[in-house]
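Numbering (the numbering used here), first residue to last: 472 to 617.
Spelled out as structure tokens, the structure:
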């Protein structure tokens, strides 16, 4: 009899852990006044690696800004001058900021930027958001203020 009670208690504990983990995934995270970032590295032939940093800034209960900063380091040209020297192509950086709106429902964050289709971000168990961004998966992590 006590073996059955022990197994029943274990089964209840497993069910409780499963339900609590699923509930944690479905809880709406607090997004207002938070910033989340993701870094994408793109290989550029004959030039090296361009780094793009995306930052989502949730400025109210429905408004969001996305900041895109790209940086391409200087690199040697893929040609040689007549005198045998190789030019250095200067690096460059750029930044764009775009406004939009967001809403969170059932573990999905939907962000709609001006003049573009909505993007759906999936909330992961570790507290990050993932999204397909120009064909690549990006992982957005919360920036903690120091």
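The beta-carbon is built from N, C-alpha and C at its ideal position, and this holds for glycine as well.
Compare the C-alpha of residue i against each of the options and name the closest.
i	options	result
residue 606	559, 513, 507 and 533	513
residue 604	519, 517 and 525	525
residue 566	542, 596, 597 and 530	542
residue 587	597, 572, 520 and 519	572
residue 549	519, 536, 535 and 574	519
residue 516	546, 500, 590 and 551	546
residue 540	615, 564, 560 and 594	564
residue 503	609, 574, 594 and 608	574
residue 544	534, 533 and 559	559
residue 500	608, 594, 615 and 609	594
Less than 8 Å between C-beta atoms, sequence neighbours within five positions excluded: which residues of the same chain meet that for residue i?
i	result
residue 611	507, 508, 509, 525, 527, 592, 599, 600, 601 and 602
residue 561	545
Give the DSSP-derived three-state secondary structure of residue i in the structure shown.
i	result
residue 508	strand
residue 590	strand
residue 571	strand
residue 612	strand
residue 554	coil
residue 532	coil
residue 501	coil
residue 560	strand
residue 544	coil
residue 605	coil
residue 578	coil
Return the Cβ separation of residue i and residue j in integer angstroms, given the expectation that the two are a contact with Cβ distance under 8 Å.
i	j	result
residue 613	residue 505	6 Å
residue 530	residue 536	6 Å
Kindly list the residues whose CB is nearer than 7 Å to the CB of residue i, restricted to its own chain and excluding five residues on each side of it in sequence; keep chain order.
i	result
residue 585	569, 570 and 571
residue 532	503
Within the same chain, show all residues whose beta-carbon is closer than 6 Å to that of residue i, passing over the 5 residues directly before and after it, in chain order.
i	result
residue 590	582 and 602
residue 522	512 and 542
residue 551	557
- the stretch 575 to 592 / the stretch 542 to 560 touching (three or more Cβ pairs under 8 Å): With fewer than three CB-CB distances shorter than 8 Å, the stretch 575 to 592 does not count as touching the stretch 542 to 560.
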